[in-house]
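Chemist: Mind having a look at this structure? Questions to follow.
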Amino acid sequence: MTDTYLNLVNTGFTKTLAQRLGLPRPAVLRRHRPGDPLVTGPVLVVHDAGSQAEADALAEQLLGWDLDVHRHGNRDDRFGAILVVLTGAQAPADLGAPLLTTGGVLRGLAPGGRVVTVSRAPGDAAPAVAAARQGIDGVLRSLAKELRRGATGNGIVLGDGVEIDAPSVAGTLRFLLSGRSAFVDGQLLTIGSGAGELPADWERPLEGQVAVVTGAARGIGAEIARTLARDGATVVAVDVPAAGDALAAVANEVHGSALQLDVTREDAAERITEHVRSRHGQLDLVIHNAGILRDKLLANMKPETWDPVLAVNVTAPLRITQALLDGDQLGTAPRVVCLASTSGIAGNRGQTNYAASKAGVIGMVRASASALEGAGGTINAVAPGFIETDMTARIPFATREVARRLNSLQQGGQPRDVAEAIAFLVSPQAGGVNGQVLRVCGQNMVGQ
Ligand code: NAD
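Using the UniProt record's numbering, read the sequence shown as starting at 1 and increasing by one per residue.
Dropping the structure here:
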């Protein structure tokens, strides 16, 4: 689905007109294309007084990626990204200097630029330390709302005992700097452990992995299949028999295989296991993407609009994941990602059924994290906001137009934005990210 308004305000005469009239002008986002530079200009690294060593380590990492790293900035400098290292903050007063330095160079941030904070989780820290650390959360979420021209602000939060050289710190930093995180904005992602490893090839981190993607015949699922295949995975595309032709087309396109299956079937996990074993030998990555809507106000809700939504969106992922774990059917570093939704976080009128299922997915992910960690893997949720797909094309025009502008980037995301976040979470470099919910919503102005 195309966003005509976004195209109009970025091209030709209508661009000039929109400028003259002072209309909101959502930017064309910087999205990853193989071979593109990681960022579009030099990277400034700033830090609080107590973070010198960790800032040095991250600057070294950036230099290792051939980036032009600066340790001081001036008002006239034009940076592609600003990395704000705040891991040493001991009290709220420590935040002022590095953040005001950041503010001083913000006007020169390139279109599609990035601000990334690195901080520590408040956890059981002393009150003053926890106040500083939690304060960073507020700064980041506010700063992201101030950025313009497709620039985003996101944060990396180190869990207790996680070192700055943990693979997932580098992996997350690279994801957030890149065009792969175009529609991730105002988010803080926690690295809970030093697990994971850096890939031999950053363009093909999933080489040799076998992935199952449910609901892969169209929309976000089809894009997940393409993106995982681009990153090196062999993809098993799953969808209902009625979507068989479209499913076969996607499977052929990604040189994977198609499995016609209703995921609500009791034997769904066995069918998946049999297919994978006979065709590909192993199963490493599972993406529970299949999902449906049956919107009704609760006052009008009937079992036929409530039950199927819960069955497809949450009961099927629960049952399939449990069966795969119980049957020891997953590889040595399994990765599971479930599709949640911002509706499951903030709620949405007419969607008690859908929100129950998507909030349920978040509960499932958090409660399954230790079991997956025990199996050498991870499970995470991705919560998309408004994404331009067949699902959202069915929303009435006026509601749709409001919904797609109600975020910091003033536009809907593309299916590939969700797919990129999932490709990151299933990658070896995200092994320290477990039990988390990553929103891909352009910093949707709803809820948290
Ligand atoms: P879509 O309706 O375009 O595609 C969903 C796919 O799932 C379809 O191909 C459908 O046939 C398949 N499917 C449905 N029931 C199934 C079943 N029982 N077994 C197997 N396959 C089944 O949806 P989409 O917009 O691409 O959304 C994909 C996921 O992202 C869903 O879980 C959705 O809830 C979630 N999501 C979407 C948005 C959005 O803005 N589009 C926002 C938040 C979350």
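A virtual CB, placed ideally from N, CA and C, is assigned to each residue, including glycine. Predicted, not measured: the structure shown is a model, and the values here were computed from it.
1. Considering only residues of the same chain and omitting the five flanking positions on each side of Gln209, which have a CB-CB separation below 6 Å?
2. Kindly indicate which three-state DSSP category Val180 falls into: helix, strand or coil?
3. For the pair the stretch 424 to 439 and the stretch 141 to 151, tell me if three or more CB-CB distances fall below 8 Å.
4. Under DSSP, the alpha helix (DSSP H) around Thr273 begins and ends at which residues?
5. What did DSSP end up calling Pro98 once you bin it into helix, strand or coil?
6. Let me check you understand the geometry: is the CB of Pro384 closer than 8 Å to at least one non-hydrogen atom of ligand 1?
7. Is the beta carbon of Val213 closer than 9 Å to that of Ile164?
8. I'd like to check one pair, Glu420 with Ser181: are the Cβ atoms closer than 9 Å?
9. With C-beta atoms as the reference, is Met445 less than 9 Å away from Leu406?
10. Helix, strand or coil: how does DSSP classify Thr2 here?
11. From Gly73 to Ser357, what distance separates their C-alpha atoms?
12. Within 10 angstroms of its Cβ, does Asp94 collect 16 or more other Cβ (buried), or is it exposed?
13. Which word fits Phe175, buried or exposed, when buried means at least 16 other C-beta atoms lie within 10 angstroms of its C-beta?
14. Once the 5 residues before and after Asn10 are set aside, which same chain residues still bring their CB inside 6 Å of it?
15. Taking the beta carbon of Asp160 as the centre, do at least 16 other beta carbons fall within 10 Å, making it buried, or is it exposed?
16. Determine, using beta-carbon pairs with one atom in the stretch 128 to 138 and one in the stretch 100 to 113, whether at least three such pairs fall under 8 Å.
17. Keeping to the same chain, check which residues put their C-beta closer than 8 Å to that of Leu38; ignore five residues upstream and five downstream.
18. Taking the beta carbon of Asp231 as the centre, do at least 16 other beta carbons fall within 10 Å, making it buried, or is it exposed?
19. When DSSP labels each residue in this structure, what does Ile191 get in the three-state scheme?
20. Excluding sequence positions up to five away, which residues of its chain have a Cβ less than 6 Å from the Cβ of Thr2?
21. DSSP puts Ser257 in a beta bridge; with which residues?
22. On the DSSP bridge assignment, give the partners of Leu8 in chain order.
23. Write down the C-beta distance between Val426 and Ile220 rounded to the nearest angstrom, noting that I regard them as a contact closer than 8 Å.
24. Going by other Cβ atoms of all chains shown within 10 Å of its Cβ, with 16 needed for buried, is Arg107 buried or exposed?
25. Determine the extent of the alpha helix (DSSP H) in which Thr152 is found, giving its start and end residues.
26. At the level of alpha carbons, what is the spacing between Gln448 and Asn353?
27. For Pro303 and Ser341, what's the separation of their Cα atoms in angstroms?
28. Gly215 by DSSP, collapsed to three states: which one?
29. Look up Asn300 in the DSSP assignment and say whether it is helix, strand or coil.
30. Mind checking His275: buried by the 16 CB within 10 Å criterion, or exposed?
31. Quick check: the stretch 363 to 381 against the stretch 393 to 407, are at least 3 beta-carbon pairs closer than 8 Å?
32. Tell me the DSSP secondary structure of Gly208 in three-state form.
33. Could you pull out every residue in the same chain whose Cβ sits closer than 8 Å to the Cβ of Gly155, ignoring the five residues on either side in sequence?
34. Could you compute how far the alpha carbon of Pro428 sits from the alpha carbon of Asn300?
35. Would you kindly check if the distance between the Cβ of Gly377 and the Cβ of Val336 is under 9 Å?
36. Does the distance from the C-beta atom of Thr381 to that of Leu324 stay below 9 Å?
Modeler: Answer, in terms of the structure:
1. Translated into the one-based positions of the sequence shown, residue 209 becomes position 209. Within the same chain, Gln209 has close Cβ partners Ala233, Asp284, Leu285.
2. Here residue 180 refers to the residue found at position 180 of the sequence shown. This sequence places Arg at residue 180; Val is not what is there. Helix, per DSSP.
3. Contact between the stretch 424 to 439 and the stretch 141 to 151 is absent, because fewer than three Cβ pairs lie under 8 Å.
4. Translated into the one-based positions of the sequence shown, residue 273 becomes position 273. Boundaries of the alpha helix (DSSP H) around Thr273: 268 to 279.
5. The residue labelled residue 98 in the question sits at position 98 within the sequence shown. Secondary structure of Pro98 (DSSP, three-state): helix.
6. Numbered from its first residue, the sequence shown carries residue 384 at position 384. Yes.
7. Looking up residue 164 in the sequence shown gives position 164. Looking up residue 213 in the sequence shown gives position 213. Note that the C-beta distance between Ile164 and Val213 is not below 9 Å.
8. Translated into positions along the sequence shown, residue 181 becomes position 181. Translated into positions along the sequence shown, residue 420 becomes position 420. Yes, the pair counts as a contact, with Cβ atoms nearer than the cut-off.
9. Counting from one through the sequence shown, the residue named residue 445 turns up at place 445. Counting from one through the sequence shown, the residue named residue 406 turns up at place 406. Yes, they are a contact pair.
10. Against the sequence shown, residue 2 aligns to sequence position 2. Here DSSP, grouped into helix, strand and coil, assigns Thr2 to coil.
11. In the sequence shown, counting from the first residue as 1, residue 73 sits at position 73. In the sequence shown, counting from the first residue as 1, residue 357 sits at position 357. If you take the alpha carbons of Gly73 and Ser357, they lie about 47 Å apart.
12. Translated into positions along the sequence shown, residue 94 becomes position 94. Classification for Asp94: buried.
13. Counting from 1 along the sequence shown, the entry for residue 175 is found at position 175. It is buried - the Cβ of Phe175 has at least 16 other Cβ atoms within 10 Å.
14. Locating residue 10 in the sequence shown gives position 10, counting from the first residue. Here the set comprises Val28.
15. Indexing the sequence shown from 1 puts residue 160 at position 160. Counting the other Cβ atoms within 10 Å of the Cβ of Asp160 gives fewer than 16, which makes it exposed.
16. At 8 Å Cβ cutoff, the stretches do not touch.
17. Sequence index remark: in the sequence shown, residue 38 carries index 38 (1-based). Excluding the 5 residues flanking it on each side, Leu38 has same chain C-beta neighbours closer than 8 Å at Trp65, Leu67, Arg174, Leu177, Ser178, in chain order.
18. One-based indexing of the sequence shown puts residue 231 at position 231. Burial of Asp231 is indicated by the presence of at least 16 other C-beta atoms within 10 angstroms of its C-beta.
19. Against the sequence shown, residue 191 aligns to sequence position 191. In the structure shown, Ile191 sits in a strand (DSSP, three-state: E or B).
20. Within the sequence shown, residue 2 is the residue found at index 2, counting from 1. Excluding positions up to five away in sequence, the list is empty.
21. As a first step, residue 257 is located in the sequence shown; it is residue number 257 there, counting from the start. Ser257 is bridged by DSSP to Val236.
22. The count along the sequence shown starts at 1 and reaches residue 8 at position 8. Residue pairing for Leu8: DSSP places it in no beta bridge.
23. Against the sequence shown, residue 426 aligns to sequence position 426. Against the sequence shown, residue 220 aligns to sequence position 220. Contact between Val426 and Ile220 fails: their C-beta atoms lie close to 15 Å from each other, not under 8 Å.
24. On the sequence shown, residue 107 is found 107 positions in, with the first residue counted as 1. With fewer than 16 other Cβ atoms within 10 Å, it is exposed.
25. Translated into positions along the sequence shown, residue 152 becomes position 152. First-last for Thr152: 152 to 158, but that is the beta strand (DSSP E), not the alpha helix (DSSP H).
26. In the sequence shown, residue 448 corresponds to position 448, counting from 1. In the sequence shown, residue 353 corresponds to position 353, counting from 1. The pLDDT assigned to Gln448 is 48, lower than 50, so where the model puts this residue is not dependable, and the model offers no usable value.
27. Your numbering for residue 303 matches position 303 in the sequence shown. Your numbering for residue 341 matches position 341 in the sequence shown. Cα to Cα, the separation comes out at about 22 Å.
28. Position 215 of the sequence shown, counting from 1, holds the residue named residue 215. Coil at Gly215, not helix or strand.
29. Within the sequence shown, residue 300 is the residue found at index 300, counting from 1. In the three-state DSSP reduction, Asn300 falls in the helix class (H, G or I).
30. Translated into positions along the sequence shown, residue 275 becomes position 275. His275 comes out buried.
31. Output reads no: the stretch 363 to 381 does not touch the stretch 393 to 407.
32. By 1-based counting over the sequence shown, the position of residue 208 is 208. Reduced to three states, the DSSP call for Gly208 is coil.
33. The sequence position of residue 155 within the sequence shown is 155, counting from 1. Within the same chain, Cβ atoms closer than 8 Å to the Cβ of Gly155 are found at Val116, Thr117, Val118, Ser119, Ile136, Asp137, Leu140, Gln187, Leu188, Leu189, the five residues on either side in sequence being excluded.
34. Here residue 428 refers to the residue found at position 428 when the sequence shown is read from its first residue. Here residue 300 refers to the residue found at position 300 when the sequence shown is read from its first residue. CA-CA distance, Pro428 to Asn300, rounds to 46 Å.
35. Working through the sequence shown from its first residue, we reach residue 336 at position 336. Working through the sequence shown from its first residue, we reach residue 377 at position 377. A distance below 9 Å separates the beta carbons of Val336 and Gly377.
36. To locate residue 381, count along the sequence shown from 1; it is residue 381. To locate residue 324, count along the sequence shown from 1; it is residue 324. The displayed chain sequence assigns Ala, not Thr, to residue 381. No, Cβ-Cβ distance for Ala381 and Leu324 is not below 9 Å.
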